[in-house]
Amino acid sequence: MSPRAQVIVQSHPLWRLRLRRGLPRYLLSAVSLFGILASARLTLFPPRPVQIAPVSAPGATLDRAAEAYAVLFARRYLTWSGAESSAGEGLEPFVGTSMEANAGLVLPAGVVQRVDWAEVVQAREPVTGTHIYTVAAQTDAQGLLYLTVGVTREASGALALSGYPAFVGPPDHVPAAPPPHGRAVDPALEVVVRRALGNYMSASSSELAADLTPEAQVSLPPNPLTVNTIGRPGWTEGSAVQVLAQASDSRGVRYTLAYELDVAKVRGRWEISAIQTDPRD
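Number 281 marks the last residue of the sequence shown (the numbering used here); no jumps.
Following this line, the structure appears as structure tokens:
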């Protein structure tokens, strides 16, 4: 005997039925109202761009004028003519009244020193607007000296010493790493690299042009060299080729030089697009 179908009748509150049927409409209305309110807020109170102050490491700010000011002071501070009154000749514009005369430099008579060259080799910026430069100065009496010179950029834009100088040691350094040995290039590219580099070093512009890409910009060295040997080129980590060469100048001075060449394959043939530098940079 087959079971009979049963019909179960349940009662629900009318408000619950109306809510279930109208819930999608209520949600849509709420979302629309939220969008209207958000648009009105953006119209009345537009967001302001956030200004993020650049974060720079100490010494990262470049100020060529301040560097030159430090070098000029170092040259005058270390140049002595032998007369007792020569201590710090030309230092008056730097010192003013806030420091000792001649920046505290006192020389006995007869002491002579000349500065052959001086340049900034290190810089740091302990506070904004004040640089501490390490100036390397080659002197004929004491050899290579390192002098720190503090320079401040005043609110007016003028430069001024921020204090007395100090003798310091050189920047930290380690012996040079051995030149990298990149993956060897194919024989066809090696021939082009050797030929192009030889023509470049000897300043043979017409011969070099045959191995350059049409858009290549190459500036030849002003003093041609006689090429002695050119090593085996190898690939760098990028798409360039590196190679060591030995050459001599007109006086017989011999150099070991490292070059990097950008290369490109044009219609199945290797060509050179740059040698060591880009003169347009």
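We treat Cβ as the ideally placed atom computed from N, Cα and C, and that holds for glycine.
| Check | Outcome |
| --- | --- |
| For ALA103 and TYR77, which I take to be in contact (beta-carbon distance under 8 Å), what is that distance rounded to the nearest angstrom? | 6 Å |
| Determine the DSSP secondary structure at TYR164, reduced to helix, strand or coil. | coil |
| Spatial neighbours of GLU207 within its chain, please: CB distance less than 7 Å, with the 5 preceding and 5 following residues excluded, ordered by chain position. | ASN199 |
| Just list the residues that DSSP pairs ASP262 with in beta bridges. | ALA240 and ALA274 |
| Contact between the segment 234-245 and the segment 174-193 is defined here as three or more beta-carbon pairs at a separation below 8 Å; is this criterion met? | yes |
| By the three-class DSSP mapping on this structure, what secondary structure does SER248 have? | strand |
| Taking only the alpha-carbon atoms, compute the straight-line gap between GLN51 and ALA123 and give it to the nearest angstrom. | Low per-residue confidence applies at GLN51: pLDDT is 42, beneath 50, and the placement is therefore not dependable enough to give any value. |
| Per DSSP, what kind of secondary structure is PRO93 in: helix, strand or coil? | helix |
| Quick one: Cα of ILE145 to Cα of PRO222, how far? | The question names Ile, but residue 145 in the sequence shown is Leu. So the two alpha carbons sit approximately 32 Å from each other. |
| Would ALA245 pass as a contact of THR229 if the rule is Cβ separation under 8 Å? | yes |
| Taking 8 Å as the cut-off, decide whether the C-beta atoms of THR134 and VAL174 are in contact. | no |
| From SER56 to THR128, what distance separates their C-alpha atoms? | The predicted position of SER56 is uncertain, since its pLDDT is 39 and thus under 50; no value can be drawn from it. |
| When burial is assigned at 16 or more other CB atoms within 10 Å of the CB, is ALA141 buried or exposed? | exposed |
| Tell me whether MET201 sits in a helix, a strand or coil according to DSSP, three-state version. | helix |
| Quick check on the DSSP output: what are the complete beta strand (DSSP E) runs of length 3 or more inside the segment 110-171, in order along the chain? | 115-127, 130-139, 143-153 and 159-161 |
| Report all residues from its chain with a CB closer than 7 Å to the CB of GLN276; omit the five preceding and five following residues, and keep chain order. | TYR259 and GLU260 |
| What would DSSP say about LEU212, mapped onto helix, strand or coil? | strand |
| Taking C-beta to C-beta, are VAL115 and THR61 nearer than 8 Å? | no |
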